[in-house]
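Novice:
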Amino acid sequence: MKIFHLFLFLLTSVSAMGQFQTEWGKCPMSDFSMEKYPLDTTAEAVILHDLGKLYASVDPWEYSLVHHRRIKILTDAGLDYANISIPYYKENSRDFIRNIKAQILQPNGKSIELKKSDFYKEDINNYWAAMNFTFPNVQPGSIIEYEYELISQDIVNLKDWYFQQNIPVRYSKIVSTINERLVYIYLFQGADYLIKQPDGSFRLGEHTIAKIDAPTYEMQNIPAFKEEAYMTTEEDYKNKIRFQLDKILYVDGSRGGNNYYAKPVLSSWDEIRDKLWMNESLGEQFAKKNNFKNAFETILPMTLGAKSQKEKANIAYTYLAENIEWSGINSGIYTIEKLDKVFDKRRATKSEMNLLLLGILRELEIEAYPILTSTRNHGKLLPQHPILDQFNYVLVRANLDGEWLLLDVGEPLRPMGYPSVNALNYMGWQFDRTKHEWIEIEIPISKESLVVRCAIEGNKLVGRFTSKSKGYYALKERMAFRDEKTGAYWLKRLNVNGVNMAMDSFIVNNYQDVAEDFTSEFKFELNDWVTENEHFLYISPMIYTALKDNPFKSEKRYYPVDYDYRFSQQYVFQLEIPSGYEIEQLPENTTVQLPNKGGSFRLSMSILNNKVQFVAILDVKRLQYQPSDYEALKLCYDTMLATYDEMIVLKKKA
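Per our numbering: the sequence shown = residues 1262 to 1915.
Below, the structure written as structure tokens:
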């Protein structure tokens, strides 16, 4: 069976190579006559082929990537793809580009070549530069191609190869020729469009791992990558391959001959733990009291009357959140300055804020550890690979009276246990002087409840509107109240829905006690909401919803749905039936269950004490839903939005 699969790969590969002309300057007439890309007739442009040849050597220690790309422009909107920018790392002249050429292909076999003066270098910042050029006089129907060679001394992390782009790719291939002394791990993401991969690869989670000398990967008919609702970063979804140097082989002179010994390049997690613990910009910062002595001596007296570890931690957490502002600098997992210095300046990076809190908690004899993680816009973590640069954020995990909480100093209105949303990326790596482990980033479910109690007066509704929220919903409400103490933010939200509402007697509870549920309440009059038609009254129970449209519009989804956090939303509409009227029609009770107990939508109607009650509840109990769950998730939202359009109908009694 294994031989059959290998034969199939090779056979398909030969077929693909025969189907596409990839030589420089040679293009079949069928590509010139193409007016729309058959597999995506809406495409602005299509990459006809993307070819990469990768060479890594030890004499000198460098690698080169020869990249040849051909693009067909299909529409006016696709003309932007004639503007080319090739970024590269310029610090210490580590990378550079050479042998660059570009041309516009024509059906008569002649081409229009770009001149040397058409290429220019742009300095992006202190670290990055780009080689830029533009194909002139390009129109829909034009075929353009370019080729360049990237030279780099960074043999540890070779340039990622992306099979998938923001426009369709008909054919993509990367071939690597690696010196036998360099042993790489190849991390392949995605397999739906794979037509060839090296024998000896194996799957590990969502990735393919290959430990061989010269792999060739080919893919064809790769659709354009399109952002959809509830995604992290495109880096987590695009089909690509990543190269990571695992070890280097050296000649063992003591044995003579061609004997080699291997020197690992990738550290083990134990080695990374030891390095970080001794690092003066990380472990030493929070492990040595002298680095935050002033901060600790300032906060310690405030905690002397605390009756629990949680109260102590909250005092320190709140003080830092309210008195230190973010510097605006992203320093990853490391500090830039000594912790006491940033405390005195009252300005710090995110890592400095959290490591300062960590040091103080440990001096307060609270069990606490650093958690290294990756923000949602930085990409998912790979626990099986001890690669340090996958981390870019530090959290604090503390044992407070037997309850483990994640702490993240920043917004003063955000309580302990609720890190910044961007830091919610499934897992983190916890370490200490002698141990380390991976942990799940588990956050309590955020909840929101909106309750409308009302009666009919003429053609308007009068009553009371109550909002109760917990977790990230409470944070959103507190921030809105902080900006508009009158509660006018509710009128702005409601008026977006076409509501003509007047409000009065606005009050809130637990604004400053951020660990508690936040509530707001007001009286209202809702004009022109009741429609009278002969013997009937028509009332829409849905006065407010933050969701106007289904975020899941595609018929099919190729990527997981990644929610920021789990949540529960409840909406209650309670209407007093006016004298002389009775129920004629109500929305039907409805339930939609998501697969594997992943959540549900429920609508229930009831009548009690001359009041009709409409209760809609959406529960999302998982952070991630696979593409196989997408149809059910889309149906859930479709059903929910459909119920929001239904009416309560009252009939005048005979």
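Note that CB positions come from ideal geometry on N, CA and C, so glycine has one too.
All values reported here derive from a predicted model rather than from experimental measurement.
How should K1549 be labelled, buried or exposed, when 16 other C-beta atoms within 10 angstroms of its C-beta is the threshold for buried?
Specialist: The residue you call residue 1549 lines up with position 288 of the sequence shown. So K1549 counts as exposed.
Novice: Is the beta carbon of Y1630 closer than 8 Å to that of Q1691?
Specialist: Taking the first residue of the sequence shown as 1, we reach residue 1691 at position 430. Taking the first residue of the sequence shown as 1, we reach residue 1630 at position 369. Yes. Within cutoff.
Novice: Could you spell out where the beta strand (DSSP E) holding E1907 opens and where it closes?
Specialist: As a working note, residue 1907 is residue 646 in the sequence shown. That residue, E1907, is in no beta strand (DSSP E); it is neither H nor E in DSSP.
Novice: I1621 by DSSP, collapsed to three states: which one?
Specialist: As a working note, residue 1621 is residue 360 in the sequence shown. Three-state DSSP puts I1621 in a helix.
Novice: Note down the Cα distance separating V1526 from I1416, rounded to an integer number of angstroms.
Specialist: Indexing the sequence shown from 1 puts residue 1526 at position 265. Indexing the sequence shown from 1 puts residue 1416 at position 155. Roughly 11 Å between the two C-alpha positions.
Novice: Is it the case that the stretch 1573-1585 contacts the stretch 1652-1672, given that we only count it when at least three CB pairs across the two stretches are under 8 Å?
Specialist: Verdict: yes, contact present.
Novice: Relative to the C-alpha of T1302, which residue among I1334, E1383, W1422 and K1817 is closest?
Specialist: Indexing the sequence shown from 1 puts residue 1302 at position 41. It is I1334.
Novice: Report the residue ranges of all beta strand (DSSP E) runs contained in full by the stretch 1613-1700; include only those spanning at least 3 residues, in chain order.
Specialist: Counting whole runs of 3 or more residues, the stretch 1613-1700 contains the beta strand (DSSP E) stretches 1629-1634, 1654-1661, 1664-1668 and 1688-1692.
Novice: What distance in whole Å lies between the Cβ atoms of D1356 and I1435, which are believed to be in contact at a cut-off of 8 Å?
Specialist: Position 174 of the sequence shown, counting from 1, holds the residue named residue 1435. Position 95 of the sequence shown, counting from 1, holds the residue named residue 1356. Actually they do not touch by this definition, with Cβ atoms about 18 Å apart.
Novice: What three-state label does DSSP hand L1381 in the structure shown?
Specialist: As a position in the sequence shown, residue 1381 is number 120, starting the count at 1. The sequence given here places Tyr at residue 1381; Leu does not occur at that position. Three-state result, Y1381: strand.
Novice: Would you identify the three-state DSSP class for D1497, choosing helix, strand or coil?
Specialist: In the sequence shown, residue 1497 corresponds to position 236, counting from 1. In this structure, D1497 counts as helix in the three-state DSSP scheme.
Novice: Taking 6 Å as the limit between beta carbons, can you name the residues of its chain near A1877, skipping five residues before and five after?
Specialist: Residue 1877 sits at position 616 when you count from the first residue of the sequence shown. Within the same chain, A1877 has close Cβ partners Y1832 and L1864.
Novice: Over what stretch of residues does the alpha helix (DSSP H) that includes A1877 continue unbroken?
Specialist: The count along the sequence shown starts at 1 and reaches residue 1877 at position 616. No alpha helix (DSSP H) holds A1877; the beta strand (DSSP E) holding it covers K1872 to V1881.
Novice: Tell me the DSSP secondary structure of E1406 in three-state form.
Specialist: Here residue 1406 corresponds to residue number 145 of the sequence shown, with the count starting at 1. Strand at E1406.
Novice: Just list the residues that DSSP pairs R1431 with in beta bridges.
Specialist: Numbered from 1 along the sequence shown, position 170 holds the residue referred to as residue 1431. None, per the DSSP bridge assignment.
Novice: At what residues does the beta strand (DSSP E) containing G1724 begin and finish?
Specialist: As a first step, residue 1724 must be located in the sequence shown, where it is residue number 463. Segment K1721 to K1731, the beta strand (DSSP E) holding G1724.
Novice: Would you call the stretch 1897-1907 and the stretch 1806-1819 in contact, with 3 or more CB pairs under 8 Å?
Specialist: yes
Novice: Looking at the secondary structure, which residues open and close the alpha helix (DSSP H) in which E1583 lies?
Specialist: Position 322 of the sequence shown, counted from the start, is the residue given in the question as residue 1583. Residues Q1570 to N1584.
Novice: Which residues bound the alpha helix (DSSP H) around M1539?
Specialist: Here residue 1539 refers to the residue found at position 278 of the sequence shown. Where M1539 is concerned, the enclosing alpha helix (DSSP H) stretches over W1530 to M1539.
Novice: If the criterion is Cβ atoms closer than 8 Å, does the pair M1908 and Y1799 meet it?
Specialist: The residue you call residue 1908 lines up with position 647 of the sequence shown. The residue you call residue 1799 lines up with position 538 of the sequence shown. Yes. Within cutoff.
Novice: Count the C-beta pairs between the stretch 1534-1551 and the stretch 1612-1627 that are closer than 8 Å, then say yes if the count reaches three, no if not.
Specialist: Touching, yes.
Novice: How is F1463 classed by DSSP in three states: helix, strand or coil?
Specialist: In the sequence shown, counting from the first residue as 1, residue 1463 sits at position 202. Its pLDDT being 41, under 50, F1463 is placed unreliably by the model, and the measurement read from it follows with that caveat. Strand, per DSSP.
Novice: Assuming the contact rule is C-beta atoms closer than 8 Å, R1637 and T1494 should be a hit. Round their C-beta distance to whole Å, please.
Specialist: By 1-based counting over the sequence shown, the position of residue 1637 is 376. By 1-based counting over the sequence shown, the position of residue 1494 is 233. Taking C-beta atoms under 8 Å as the contact rule, R1637 and T1494 qualify, at a distance of about 7 Å.
Novice: Buried or exposed for R1827, please, with buried defined as at least 16 other CB atoms from any protein chain shown within 10 angstroms of its CB.
Specialist: Translated into the one-based positions of the sequence shown, residue 1827 becomes position 566. Burial call: buried.
Novice: Taking the alpha-carbon positions, what's the S1801 to F1742 distance?
Specialist: Here residue 1801 refers to the residue found at position 540 of the sequence shown. Here residue 1742 refers to the residue found at position 481 of the sequence shown. Roughly 28 Å separates the two Cα atoms.
Novice: Output the residue ranges of the alpha helix (DSSP H) runs that lie fully inside the stretch 1281-1366 and measure 4 residues or longer, sorted by chain position.
Specialist: 1290-1294
Novice: Assuming contact is defined by CB atoms lying nearer than 8 Å, are E1845 and L1911 in contact in what I supplied?
Specialist: In the sequence shown, the residue the question calls residue 1845 occupies position 584. In the sequence shown, the residue the question calls residue 1911 occupies position 650. Going by C-beta atoms, E1845 is nearer than 8 Å to L1911.
Novice: Nearest to P1397 by alpha carbon, out of T1579, D1379, N1386 and W1538?
Specialist: Locating residue 1397 in the sequence shown gives position 136, where the first residue counts as 1. Considering only alpha carbons, the answer is D1379.
Novice: Assign L1465 to buried or exposed, taking buried as 16 or more other Cβ atoms, counted over all protein chains shown, within 10 Å of its Cβ.
Specialist: Position 204 of the sequence shown holds residue 1465. For L1465, the predicted structure reports a pLDDT of 39, less than 50, and the residue's modelled location is therefore unreliable. A value from the coordinates is still provided. So L1465 ends up on the exposed side.
Novice: Quick one: Cα of Q1400 to Cα of F1394, how far?
Specialist: Taking the sequence shown and counting its residues from 1, one reaches residue 1400 at position 139. Taking the sequence shown and counting its residues from 1, one reaches residue 1394 at position 133. Distance between the alpha carbons of Q1400 and F1394: 16 Å.
Novice: To the nearest angstrom, how far is the alpha carbon of A1277 from that of Q1481?
Specialist: For the purposes of this step, residue 1277 is taken as residue 16 along the sequence shown, with counting starting at 1. For the purposes of this step, residue 1481 is taken as residue 220 along the sequence shown, with counting starting at 1. Because the pLDDT of A1277 is 46, which lies under 50, any placement of that residue in the model is unreliable, and the question is left without a value.
Novice: For A1485 versus P1812, is the C-beta distance shorter than 8 Å?
Specialist: As a first step, residue 1485 must be located in the sequence shown, where it is residue number 224. As a first step, residue 1812 must be located in the sequence shown, where it is residue number 551. Cβ distance not < 8 Å, so A1485 and P1812 don't count as in contact.
Novice: Under the rule that 16 or more other beta-carbon atoms within 10 Å means buried, what is R1694, buried or exposed?
Specialist: Locating residue 1694 in the sequence shown gives position 433, where the first residue counts as 1. Answer is exposed; the Cβ neighbour count stays below 16.
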